[in-house]
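>
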Amino acid sequence: MDGNAVLPGPCHIIVILATVIMASVLELLPATRIGVKYPGGVFKSERHFLDFVIDGESLWEKVGKPRDTVSVICFDYSREETVQAVNRLPLTEKSVVPGDRRPLFICSECGDIGCGAVTAFLVREGESIVWKDFGFENNYEQNIRLKEYKHIGPYTFNWKQYESALLQAVDNLKQAQHSR
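Count along the sequence shown from 1, then add 633; that gives the number in this note's numbering.
#1: Excluding five sequence neighbours on each side, which residues of the same chain lie with their C-beta closer than 8 angstroms to the C-beta of E714?
#2: Helix, strand or coil: how does DSSP classify A750 here?
#3: State the Cα-Cα distance for the pair T652 and I687, rounded to the nearest angstrom.
#4: What are the complete beta strand (DSSP E) segments, minimum 3 residues, inside the segment 671-751?
#5: Residues in the same chain with beta-carbon distance under 7 angstroms from K670, minus the five sequence neighbours each way, listed in chain order, please.
#6: For G697, which residues of its own chain have a beta-carbon under 8 angstroms away from its beta-carbon, when the five flanking residues on both sides are left out?
#7: My output table needs one value for L659: the three-state DSSP class, helix, strand or coil.
See below:
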């Protein structure tokens, strides 16, 4: 056979494979961690926050509630810190945990990363942002517990829809502060 071989038959078939990634939809919906007073004066504080609802499913129910954490968009914490936390999600503010991971859920009592936080690695890819490699960590150990979260994500969001949801969250924070 010579080097000028041609596909047999009158038709040439060209197959093009394309990867289509469907964008998830992020909603930020009000949620409450119920407060409890136990005998002896011990209590759990009631917390009001915005839950990350992805494609209609509560991320708090999946990863936050089992750890007794609330989202970083908590109305009961300092407005300034909460706005910074929101600004970390579109990658405009520096992360507060090593490895440039972003906290999503934090201690429900004090909001301190040192108590432990559910985090994810966020990466901007053109007109999308991806949340992946979920884990549980704090700001003083290098160990990130990834194994128990391997079934979560990755989630790919359309950048404009994602940014719009976060801007609405900041507006909700401002309104909540004014109503107090």
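Virtual Cβ for every residue (Gly too), placed ideally from N, Cα, C.
Walking through what the data contain:
#1: Counting from 1 along the sequence shown, the entry for residue 714 is found at position 81. Contacts found: G744.
#2: As a first step, residue 750 is located in the sequence shown; it is residue number 117 there, counting from the start. Residue state, collapsed to three classes: strand.
#3: In the sequence shown, residue 652 corresponds to position 19, counting from 1. In the sequence shown, residue 687 corresponds to position 54, counting from 1. In this predicted model, T652 has a pLDDT of only 48, less than 50, meaning its place in the structure is not dependable; the value taken from the coordinates is given anyway. Looking at the two C-alpha atoms, the distance is approximately 21 angstroms.
#4: 680-687, 702-704 and 735-740
#5: On the sequence shown, residue 670 is found 37 positions in, with the first residue counted as 1. Once the five neighbours on either side are set aside, the close Cβ partners of K670 are F676.
#6: Within the sequence shown, residue 697 is the residue found at index 64, counting from 1. Once the five neighbours on either side are set aside, the close Cβ partners of G697 are D684, V703, S704, L737, F738 and V751.
#7: Here the question's residue 659 lines up with position 26 in the sequence shown. It is a strand residue.
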